[in-house]
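Undergrad: The structure follows.
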Amino acid sequence: MSAHRNPAAHTLDLGYSFCPNDTFIFHALQAGLVPSPLPVREVLSDVQTLNDWAGTSRLPLTKISYRAAFEVLDSYALLRSGGALGRGVGPLVVAREELGDLNGKRVASPGRLTTAELLLRLAWPDAVPVRMRFDEVMPAVERGEYQGEGIDAGLIIHESRFTYAQRGLVRVRDMGEWWDTETGLPLPLGAILVRRDLPLGVQRGLQEAVRASIDHAWAHPQAARDYIRQHALELDDAVMQAHIDLYVNEFSRDVGELGERAVHELHRRALALGVVPPTAQPLFVPG
């Protein structure tokens with residue numbers, strides 16, 4: 005049954021970002037074009053806000069960073085579908101000029117709970133993150149300051165990885181390449197979480213609904229174009245498509261054994277760094 009065929013059914017809030025990969029993935033599900041155990045209602049916000057909301061279990065189904073997910077595993081389980089993992093898809097460190105060691109440098113960060121900042125801390129433990137909204141990072145790097153304090157470099161995510169060169173910035177490090185060199189595994193970036201207080205059958209059904217929404221998007225790539233354009237920060241069609249092609253892949257449809265290993269490895273390293281709490285819960289929705 006399509007998600008919106010029964011108006012009396014309980015509606016589930018689904019949180020995700022304005023980014024083209026998210027709007028591409030969830031267009032069919034929020035529009036009721038694929039079967040779902042419950043109809044869903046879109047709640048779009050920036051990544052940092054979604055990360056913060058997860059800390060209070062505000063949304064029953066939500067896209068957040070894997071870094072933030074590791075904070076809330078007692079309340080949420082990871083879906084195997086809908087996330088962002090891959091190779092060469094990590095956040096970039098950019099600067100006004102070439103830099104080497106970032107230890108001791110002030111680096112603009114899109115937030116404490118982002119995977120980008122976790123990777124920065126893993127690679128350069130003594131770098132100094134300066135937190136701000138993700139769309140403020142590149143302007144801060146261009147100016148070399150934020151709120152009167154100096155900025156040496158910045159962590160950019162989302163569409164910014166396709167546009168930084170146009171703003172005269174240079175790439176210092178691709179954190180996806182760093183992770184690949186370190187582990188040989190794909191990099192987990194964004195996860196879809198479902199609250200553990202929902203019945204297990206509903207959790208599994210939502211996982212299948214997200215997978216079906218991805219399949220629908222791949223089968224009908226033009227169907228979501230206006231929806232994606234409506235929310236994208238970068239309105240150029242080529243940039244939007246490059247973003248989708250980079251972040252929506254087979255790991256999005258199902259993390260698979262390799263993706264699961266990657267998630268567990270990132271979680272292990274975050275635990276070793278002492279920045280996330282331990283949990284006795286399984287990471288993913290039980291099969």
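Heads up: the sequence shown runs through residues 5 to 291, numbered per the numbering used here. Glycine included, each C-beta is placed from N, C-alpha and C at the ideal position.
(1) How would you write the range of the beta strand (DSSP E) that tyrosine 80 sits in, first residue to last?
(2) I need the straight-line Cα distance from valine 141 to tyrosine 168, nearest angstrom please.
(3) Please go through the same chain and pick out, in chain order, the residues whose beta-carbon is closer than 6 Å to the beta-carbon of arginine 9, but skip the five residues on each side of it.
(4) Rounded to whole angstroms, what's the CA-CA distance from proline 143 to glutamate 153? Just pull it up for me.
(5) Going residue by residue through the region 50-116, where are the continuous beta strand (DSSP E) segments of at least 3 residues, counting only ones entirely within it?
(6) Mind checking which residues open and close the alpha helix (DSSP H) that includes tyrosine 251?
(7) Here's a check: name, in chain order, each residue in its chain whose Cβ is nearer than 8 Å to the Cβ of threonine 187, leaving out the five neighbours to either side.
(8) Out of curiosity, what's the CA-to-CA distance linking isoleucine 232 and aspartate 219?
(9) Is valine 38 helix, strand or coil when you go by DSSP?
(10) Taking contact to mean 3 or more Cβ pairs, one atom from each stretch, closer than 8 Å, check whether the region 123-139 and the region 197-210 are in contact.
(11) What do you reckon, are the CB atoms on glutamate 46 and leucine 83 nearer than 8 Å?
(12) In terms of residues, what are the limits of the alpha helix (DSSP H) holding isoleucine 232?
(13) Is the distance from the Cβ of glycine 291 to the Cβ of serine 40 below 8 Å?
(14) Using DSSP with H/G/I as helix, E/B as strand and the rest coil, what is leucine 189?
(15) Taking the runs of the alpha helix (DSSP H) that are 4 residues or longer, which of them lie wholly in the region 113-179?
(16) Per DSSP, what are the beta-bridge partners of isoleucine 218 in this structure?
(17) Mapping DSSP to helix, strand and coil, what is leucine 275?
(18) Checking 8 Å against the spacing of the C-beta atoms, do valine 38 and serine 256 come in under that value?
(19) I'd like the list of long-range same chain contacts for histidine 235, defined as Cβ closer than 7 Å, with 5 residues on each side in sequence excluded.
(20) Do valine 198 and proline 64 have their CB atoms nearer than 8 Å?
(21) With a threshold of 16 other CB atoms inside 10 Å of the CB of tryptophan 57, please say whether the residue is buried or exposed.
(22) The beta strand (DSSP E) spanning arginine 45 covers which residue range?
TA: Straight from the coordinates:
(1) For tyrosine 80, the enclosing beta strand (DSSP E) starts and ends at 80-82.
(2) 11 Å
(3) Interpretation of arginine 9 is limited by its pLDDT of 37, a score under 50 that renders its predicted location unreliable; the figure taken from the coordinates is listed afterwards. So no residue of the chain qualifies.
(4) 14 Å
(5) 65-69, 80-82, 88-90, 96-99 and 110-113
(6) Start and end: 241-251.
(7) Excluding residues within five positions, the ones whose Cβ falls inside 8 Å are Ala266 and Glu269.
(8) 16 Å
(9) coil
(10) no
(11) Contact: no.
(12) 229-235
(13) no
(14) coil
(15) 119-127 and 141-147
(16) According to DSSP, residue pairing for isoleucine 218 in a beta bridge does not occur.
(17) It is helical.
(18) no
(19) Phe22, Thr27 and Leu48
(20) In this structure, the beta-carbon distance from valine 198 to proline 64 falls below 8 Å.
(21) Flag for tryptophan 57 reads buried.
(22) Taken as a continuous stretch (DSSP letters only), the beta strand (DSSP E) holding arginine 45 covers 44-48.
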